[in-house]
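Chemist: Before I ask anything, here is the structure I am working with.
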Amino acid sequence: MNIVYIDDEISEINSFKSSILLIDDKVTITGVTPLYTLEDTYDLIFGSKEVDAIVTDYELSDNCDVSFTGADLAKKIIESQPFLSCFVLTAFEDNAVKSDAVDVYQVYSKSVLDKLDDIGLEHEVSFYNKIQHQVEKNKRKLISLTNEYKGLMLDRGRDSWTTEKESRFIELDNLLDLNAGGKKISPLIRQPDYTKQLVDLINVTKDLLGECKDGNDS
0 MNIVYIDDEI
10 SEINSFKSSI
20 LLIDDKVTIT
30 GVTPLYTLED
40 TYDLIFGSKE
50 VDAIVTDYEL
60 SDNCDVSFTG
70 ADLAKKIIES
80 QPFLSCFVLT
90 AFEDNAVKSD
100 AVDVYQVYSK
110 SVLDKLDDIG
120 LEHEVSFYNK
130 IQHQVEKNKR
140 KLISLTNEYK
150 GLMLDRGRDS
160 WTTEKESRFI
170 ELDNLLDLNA
180 GGKKISPLIR
190 QPDYTKQLVD
200 LINVTKDLLG
210 ECKDGNDS
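For the sequence shown, position 166 (counting from the first letter as 1) is numbered 165 according to numbering that gives the first Met the number 0, and the numbering increases by one without interruption.
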């Protein structure tokens with residue numbers, strides 16, 4: 000599993016790495032200090048690596064000149080890659096929870112990384128387990144939606160095809176393309192009005208073919 004941790008303090012990045020690697024020495028952890036803009040930081044995170052989970056500090060401006068919070072970054076990541084697990088750690092839970100940029104369930108106190116004593120790692124294990132659970136949950140959901148999409152693709156164009164199926168097909172296509180960072184079909188076809196016109200045209204064609212068949216039979 001590949002985890003990216005974003006913090007404006009190198010010492011915190013090193014502390015996070017140490018805490019997680021004590022539990023699982025096979026996980027890959029990449030530390031990132033934020034750049035000034037949200038877009039540049041996003042590109043830095045996903046520039047050349049596959050990422051399974053993102054963990055970011057909420058306050059990123061103590062030691063870096065940035066124009067956003069960890070909650071802003073989490074929102075952009077989730078909007079751009081909806082099946083990527085994302086968590087916000089903070090010493091100021093009230094500020095993060097009240098932020099409109101992030102859901103409450105994504106916010107955790109930085110105390111989850113505190114060692115309880117020399118022999119106990121309950122906090123770290125608990126938080127790492129949550130990361131693992133969320134990663135697996137999102138992967139299962141992605142697989143399920145991908146299979147649904149493949150099923151609709153096979154069914155597309157058959158007599159059983161409906162406006163509802165076409166709308167669902169385009170919804171899934173948009174969602175899966177967004178997660179992959181690509182666009183495979185034209186913006187015109189993505190538009191609901193075009194979809195309705197397309198299905199209406201298919202239905203009219205079917206009716207005309209039916210009338211022709213009836214005329215030939217008579």
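Heads up, the beta-carbon is just placed ideally off N, CA and C, and yes, glycines get one too. Every value quoted in this text rests on a predicted model; they were computed, and no experiment measured them.
1) Work out the CA separation of LYS164 and GLY156 for me, nearest whole Å.
2) With a 10 Å radius around its C-beta and 16 neighbouring C-beta atoms as the bar for buried, classify LYS74 as buried or exposed.
3) Under the rule that 16 or more other beta-carbon atoms within 10 Å means buried, what is ALA179, buried or exposed?
4) Out of LEU59, TYR107, TRP160 and ILE22, which one is the CA nearest neighbour of MET0?
5) Taking C-alpha atoms, which residue in THR40, CYS85, PHE67 and THR36 lies nearest to VAL54?
6) For the segment 7 to 23 and the segment 45 to 52, state whether three or more C-beta atom pairs, one from each stretch, are separated by less than 8 angstroms.
7) Verify whether the separation of the beta carbon atoms of ARG36 and SER66 is less than 8 angstroms.
8) Taking only three categories from DSSP, how would you classify PHE86?
9) Starting from THR55, follow the alpha helix (DSSP H) in both directions and report where the run begins and ends.
10) Measure how close the beta-carbons of VAL26 and ILE44 come, nearest whole angstrom, since I'm counting them as under 8 angstroms.
Modeler: According to the data block:
1) What you label residue 156 is simply residue 157 of the sequence shown in a count that begins at 1. What you label residue 164 is simply residue 165 of the sequence shown in a count that begins at 1. As the crow flies, the alpha-carbon of GLY156 is around 11 angstroms from that of LYS164.
2) For the purposes of this step, residue 74 is identified with residue 75 of the sequence shown, where counting begins at 1. The residue in question, LYS74, is buried, as its Cβ has 16 or more Cβ neighbours within 10 Å.
3) Stepping through the sequence shown from its first residue, residue 179 is reached at position 180. Counting of Cβ neighbours within 10 angstroms places ALA179 among the exposed residues, the total staying below 16.
4) Here residue 0 refers to the residue found at position 1 when the sequence shown is read from its first residue. Comparing Cα-Cα distances from MET0 to each of LEU59, TYR107, TRP160 and ILE22, the minimum goes to ILE22.
5) On the sequence shown, residue 54 is found 55 positions in, with the first residue counted as 1. Among THR40, CYS85, PHE67 and THR36, the Cα nearest to that of VAL54 is on CYS85.
6) no
7) Working through the sequence shown from its first residue, we reach residue 36 at position 37. Working through the sequence shown from its first residue, we reach residue 66 at position 67. A small correction: the amino acid at residue 36 is Thr; Arg does not occupy that position in the sequence shown. Between THR36 and SER66, the C-beta gap is smaller than 8 angstroms, which places the two residues in contact.
8) By 1-based counting over the sequence shown, the position of residue 86 is 87. Residue state, collapsed to three classes: strand.
9) On the sequence shown, position 56 is the one that residue 55 refers to. No alpha helix (DSSP H) contains THR55, which is instead part of the beta strand (DSSP E) from 52 to 56.
10) Within the sequence shown, numbered from 1, the residue matching residue 26 stands at position 27. Within the sequence shown, numbered from 1, the residue matching residue 44 stands at position 45. Not quite, the Cβ-Cβ distance comes to about 17 angstroms (not below 8 angstroms), so this is no contact.
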